[in-house]
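Throughout the sequence shown, residue numbering follows our numbering, covering 11 to 120 in sequence.
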Amino acid sequence: QEQARAAPDSQGGVAVTPIPLVIMTSDDTHGGTVSLLEEMSYFGLSQDQVHILKQEKVACFADSQARLARDPADPALVETKPHGHGDVHALLHTSGLAERWRREGRRWVV
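Okay, here's the thing in structure tokens:
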């Protein structure tokens with residue numbers, strides 16, 4: 011079932027605009043997420059309605075003293091993890107989606 015919002019069109023009728031879906035992934039989940047969406051035919055959504063944004067990794071801390079976590083197999087390497095939920099704002103901006111949605115007149119993101 012396609013999710014959409016109705017808005018008046020220029021001829022006085024109603025235009026249906028598909029509601030976009032954004033999925034934030036990480037290195038660990040990206041491939042599986044894309045595969046599942048493809049296998050399930052995007053769960054009935056159009057492919058251009060679904061946007062996948064992959065988080066970057068950042069260094070992680072080992073303790074509350076903010077010491078960097080080191081890789082147990084190689085102490086010269088710093089362990090990393092996905093940035094987290096706070097990354098969604100930067101990803102929406104750098105991907106161009108925030109600007110695109112602004113141009114489209116979208117006012118809210120949930």
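All C-beta atoms in this analysis are idealised placements derived from N, C-alpha and C, irrespective of residue type, glycine included.
What is the DSSP secondary structure of residue i, reduced to helix, strand or coil?
i: D84; result: strand
i: H103; result: helix
i: A108; result: helix
Considering only their Cβ atoms, is the gap separating residue j from residue i smaller than 8 angstroms?
i: M34; j: Q57; result: no
i: V68; j: K91; result: yes
i: S105; j: L47; result: no
Using a Cβ-Cβ cut-off of 7 angstroms (strictly less than) and excluding sequence neighbours within five positions of residue i, which residues of its own chain qualify?
i: T39; result: none
i: H103; result: none
i: T43; result: I33, T35, I62
i: E89; result: C70, A79, R80, D81
For residue i, I'd like the list of residues in its chain whose CB is within less than 6 angstroms of its CB, leaving aside the five on either flank, ordered along the chain.
i: G22; result: none
i: L101; result: L63
i: Y52; result: V60
i: G115; result: none
Can you give me the start and stop residues for the beta strand (DSSP E) that residue i sits inside?
i: I68; result: Per the sequence shown, residue 68 should be read as Val rather than Ile. That run of the beta strand (DSSP E) goes 67-69.
i: L31; result: 31-35
i: A25; result: 24-28
Considering only the alpha carbon of each residue, which of the options lies closest to residue i?
i: G54; options: P28, Q75, A76, D73; result: P28
i: H61; options: E89, D81, L102, V32; result: V32
i: D37; options: H93, A72, E109, R77; result: H93
Locate the alpha helix (DSSP H) running through residue i, then write down its first and last residues.
i: L55; result: It is not in any alpha helix (DSSP H) - L55 carries neither H nor E in the DSSP assignment.
i: V44; result: 40-49
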